[in-house]
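Oh and the sequence shown: position 477 is 541 in this note's numbering, straight run, nothing missing.
Don't be surprised by glycine CBs; every beta carbon is placed ideally from N, CA and C.
Reading through the structure tokens given below for one structure.
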Amino acid sequence: MRRKKFLIAGTVLMAASFAACGGNGESKATPTPPAATVTDTPKVTEPGKNNDKEQETEDRKMTSQELEAKWKETFAGLTLAETLKEIGYDTPVMTQRLGADPYAIVYEGRVYLYMTGDVVEYEADGVTSKSNSYSQINKLNVISSDDLVNWTDHGTIYAAGRTGAATWGNNSWAPAVAYKEIDGKMKFFVYFANGGNGIGVLTADSPTGPFTDPIKKALISRSTPNCANVDWLFDPAVLVDDDGSAYIYFGGGVPKGKEENPGTGRVAKLGADMISIDGEPVAMEIPYLFEDSGINKINGKYYYSYCTNWNVSEEGTKKYGFTNAQIAYMVSDNPMGPFTLGGVVLKNPGTYYGCYGNNHHCMFEFNGEWYIAYHTQILERPMGISGGYRCTSITKVTVNEDGTLPTIPSVDRKSLVQAKYVNPYEKVEAETMATMGGLSTTQEGMKSKYCGSGNMALSEINSGDWLALYGVDFGEAGAKQFMAAVKAEAGQSGAIQIRLDGLDGEVVGYLDIPEADEEYHELTAELLKTVTGVHNLVFVFCGEGYQVDYWQFSK
Numbered sequence: 065m066r067r068k069k070f071l072i073a074g075t076v077l078m079a080a081s082f083a084a085c086g087g088n089g090e091s092k093a094t095p096t097p098p099a100a101t102v103t104d105t106p107k108v109t110e111p112g113k114n115n116d117k118e119q120e121t122e123d124r125k126m127t128s129q130e131l132e133a134k135w136k137e138t139f140a141g142l143t144l145a146e147t148l149k150e151i152g153y154d155t156p157v158m159t160q161r162l163g164a165d166p167y168a169i170v171y172e173g174r175v176y177l178y179m180t181g182d183v184v185e186y187e188a189d190g191v192t193s194k195s196n197s198y199s200q201i202n203k204l205n206v207i208s209s210d211d212l213v214n215w216t217d218h219g220t221i222y223a224a225g226r227t228g229a230a231t232w233g234n235n236s237w238a239p240a241v242a243y244k245e246i247d248g249k250m251k252f253f254v255y256f257a258n259g260g261n262g263i264g265v266l267t268a269d270s271p272t273g274p275f276t277d278p279i280k281k282a283l284i285s286r287s288t289p290n291c292a293n294v295d296w297l298f299d300p301a302v303l304v305d306d307d308g309s310a311y312i313y314f315g316g317g318v319p320k321g322k323e324e325n326p327g328t329g330r331v332a333k334l335g336a337d338m339i340s341i342d343g344e345p346v347a348m349e350i351p352y353l354f355e356d357s358g359i360n361k362i363n364g365k366y367y368y369s370y371c372t373n374w375n376v377s378e379e380g381t382k383k384y385g386f387t388n389a390q391i392a393y394m395v396s397d398n399p400m401g402p403f404t405l406g407g408v409v410l411k412n413p414g415t416y417y418g419c420y421g422n423n424h425h426c427m428f429e430f431n432g433e434w435y436i437a438y439h440t441q442i443l444e445r446p447m448g449i450s451g452g453y454r455c456t457s458i459t460k461v462t463v464n465e466d467g468t469l470p471t472i473p474s475v476d477r478k479s480l481v482q483a484k485y486v487n488p489y490e491k492v493e494a495e496t497m498a499t500m501g502g503l504s505t506t507q508e509g510m511k512s513k514y515c516g517s518g519n520m521a522l523s524e525i526n527s528g529d530w531l532a533l534y535g536v537d538f539g540e541a542g543a544k545q546f547m548a549a550v551k552a553e554a555g556q557s558g559a560i561q562i563r564l565d566g567l568d569g570e571v572v573g574y575l576d577i578p579e580a581d582e583e584y585h586e587l588t589a590e591l592l593k594t595v596t597g598v599h600n601l602v603f604v605f606c607g608e609g610y611q612v613d614y615w616q617f618s619k
């Protein structure tokens, strides 16, 4: 018997599951896999050329019926991996790692989410979870989607610490992200909190990195004018205005006796280079501020949003209309303020889910609709942990004609409307998923391995692991063939089963994974039938010791 893994930011949680095929698992004997159609991923065969080895491989290719005969019984005996997110749920956005303090940008038709990479801390017994101290967090998680329900994992930005981009910092909390064209080239900027004592900035030429530190020190520190008395120098938010000018909002904390007006919020204009401050930061009057700055421009108005503190009195509720740890918003005609209180857009997640904790958010516009991303602690119970470990969810925000944002009354984990269908005839990164069971992802390629983010691949695959995508459109003509780029370790083999609509849905094909040379090969297989229409797509994995980089169907 082997142990099933849930890999959460360097922490492995185990649940029992049986290995039924492939690799070195305890299993009944299966036939030695015959050769499959193999093409080196970077190789392009010239037209009219085909050597004897390639012809021999083609001659040995198994039919779809032969693949079914080989693998049907084995897959029927698999115990499927447990999941932290039921098929059909659209939140949390990912379960292969934890992700808190979400911040979103929309670039070239995709939503990119950047999140604090919570690390589960344990007592000496290695089993009992401790309260989240946040002290071990020095990485930021990145995922993206063009439909809001299927998310591609881009890895973790190694932001701080000895091996991070900003070696001067110990931590990377609560990122804010922006992009701007500078000197004719699009540049991306990640602003992060070094604990509660300063804000750093990283830059890249791509939303997924690699990110580097352009100034080798904090952008904002206690030596920054008008910042020495800010309790918590953290939680940045950044706005790039229509004219290219940019602003950063930050700060938090509640000095004793100043619960109603802490005076710890700041706004500053950024330099044209986005890595400097233009002028002195300005104090903001924010009632009952706790933390978590947010900034948006909606219909020509500037919306500053934040988390209220835990000391809102009855009088404060009557005066301002909010209670503890809610997301309130303020409105101004000027990005530097002053701002006027508008209301509450999001209650504390405990109101919706029953698990109270700190509240952190961002709002973003995508395809003409407004959404709010926020974190909760809803994965703690299924993970068997506690202590304030967070994951990110998304729900829709309504903008009334008068500019007000009504309070979101309730949340539904199946409420998001898929923005577009997945095109299976284009190359799809294998680490794109709506939900999964048992899988992990790993950096693929030297650049990604060094910097943490970039190209990823499915990894830690074992028998019974699975992955699901929502809303895949095969069209009227339909798909007849499936290809995946797979790298198998020496002596390891397995198969991928393709199902429609659910874990118990119709099986439409198998991909045989033979022993290989630890290099990526494009493996192909004919489907059992022509697949047409729109379906949820499920891949079930058998065997171990292999990784998958991307896949594609063909007609």
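Secondary structure of residue i, DSSP reduced to three states
| i | result |
| --- | --- |
| T621 | Outside the shown range of the chain, which is 65 to 619, sits residue 621, and nothing can be said about it. |
| K280 | coil |
| V292 | Val is not the amino acid found at residue 292; the sequence shown has Ala there. Coil, per DSSP. |
| Q482 | coil |
| Y453 | coil |
| G264 | strand |
| Y435 | strand |
| S618 | strand |
| K491 | coil |
| Q240 | A small fix is needed here, since residue 240 is Ala in this sequence, not Gln. The answer is strand: DSSP assigns A240 an E or B state. |
| T496 | strand |
| F139 | helix |
| A310 | strand |
| A541 | coil |
| Q611 | strand |
| S285 | coil |
| K460 | strand |
| S128 | helix |
| V108 | Confidence at V108 is low in this model, with a pLDDT of 30, below 50, so the placement of that residue should be treated as unreliable; the coordinate-derived value is given next. Note: V108 maps to coil in three-state DSSP. |
Assumed close pair residue i, residue j - CB separation to whole angstroms, cut-off 8 Å
| i | j | result |
| --- | --- | --- |
| Q545 | L591 | 6 Å |
| D356 | N423 | 7 Å |
| T330 | V346 | Checking the displayed sequence, the identity of residue 330 turns out to be Arg instead of Thr. 7 Å between Cβ atoms; contact. |
| V206 | T272 | 6 Å |
| A145 | D529 | 5 Å |
| A521 | V612 | 6 Å |
| Q482 | V213 | 5 Å |
| D154 | K478 | 6 Å |
| T496 | W215 | 7 Å |
| G181 | R161 | 7 Å |
| N412 | N375 | Wrong, their Cβ atoms sit about 14 Å apart, outside the cutoff. |
| S208 | V254 | That pair is no contact at about 14 Å. |
| Y352 | T372 | 5 Å |
| G607 | G558 | 2 Å |
Range covered by the alpha helix (DSSP H) that runs through residue i
| i | result |
| --- | --- |
| P446 | 444-447 |
| A145 | From DSSP, A145 is part of no alpha helix (DSSP H); its letter is neither H nor E. |
| M510 | 510-515 |
| Y417 | 413-417 |
Unbroken beta strand (DSSP E) run spanning residue i, endpoints
| i | result |
| --- | --- |
| Y167 | 164-171 |
| G501 | 499-501 |
| E324 | Here E324 belongs to no beta strand (DSSP E), and DSSP marks it neither H nor E. |
| S523 | 520-523 |
| E465 | No beta strand (DSSP E) contains E465, which DSSP labels as neither H nor E. |
| Q507 | 504-507 |
| L297 | It is not in any beta strand (DSSP E) - L297 carries neither H nor E in the DSSP assignment. |
| V318 | Run containing V318: none; DSSP gives neither H nor E here. |
| F252 | 249-257 |
| H425 | 425-430 |
| V475 | Looking at the DSSP string, V475 is not in any beta strand (DSSP E), and its letter there is neither H nor E. |
Residue i at chain D interface by Cβ criterion, 9 Å
| i | result |
| --- | --- |
| S287 | Absent here is chain D; the protein component of the structure consists of one chain. |
beta-carbon residue i near the ligand MG non-hydrogen atom, thresh 8 Å
| i | result |
| --- | --- |
| N258 | The model on display carries no ligand, and the ligand MG is accordingly not part of it. |
Runs of alpha helix (DSSP H) lying entirely within the region 331-392, each at least 4 residues, in chain order: 378-384
Hey, which unbroken runs of the beta strand (DSSP E) at 3 residues or more fall wholly within the region 154-234? 164-171, 174-180, 203-209, 215-222
Give the list of continuous beta strand (DSSP E) stretches no shorter than 3 residues that lie fully inside the region 549-607. 558-564, 570-577, 584-595, 598-607
Using 8 Å as the threshold, is the region 237-255 in touch with the region 508-526, meaning 3 or more CB pairs across them? Too few Cβ pairs lie closer than 8 Å, so no.
Are three or more beta carbon pairs between the region 448-455 and the region 425-438 nearer than 8 Å? No contact exists between the region 448-455 and the region 425-438.
Evaluate the contact criterion for the region 194-202 versus the region 228-238: three or more CB pairs, one atom per stretch, below 8 Å. Touching, per the Cβ criterion.
Determine, using beta-carbon pairs with one atom in the region 353-371 and one in the region 454-473, whether at least three such pairs fall under 8 Å. The region 353-371 makes contact with the region 454-473: 3 or more CB pairs, one atom from each, lie closer than 8 Å.
Validate contact between the region 365-372 and the region 392-403 using beta carbons, cut 8 Å, 3 pairs: yes
With a cut-off of 8 Å, do at least 3 Cβ pairs link the region 595-606 to the region 530-549? yes
Taking contact to mean at least 3 C-beta pairs separated by less than 8 Å, is the region 403-410 in contact with the region 309-317? no
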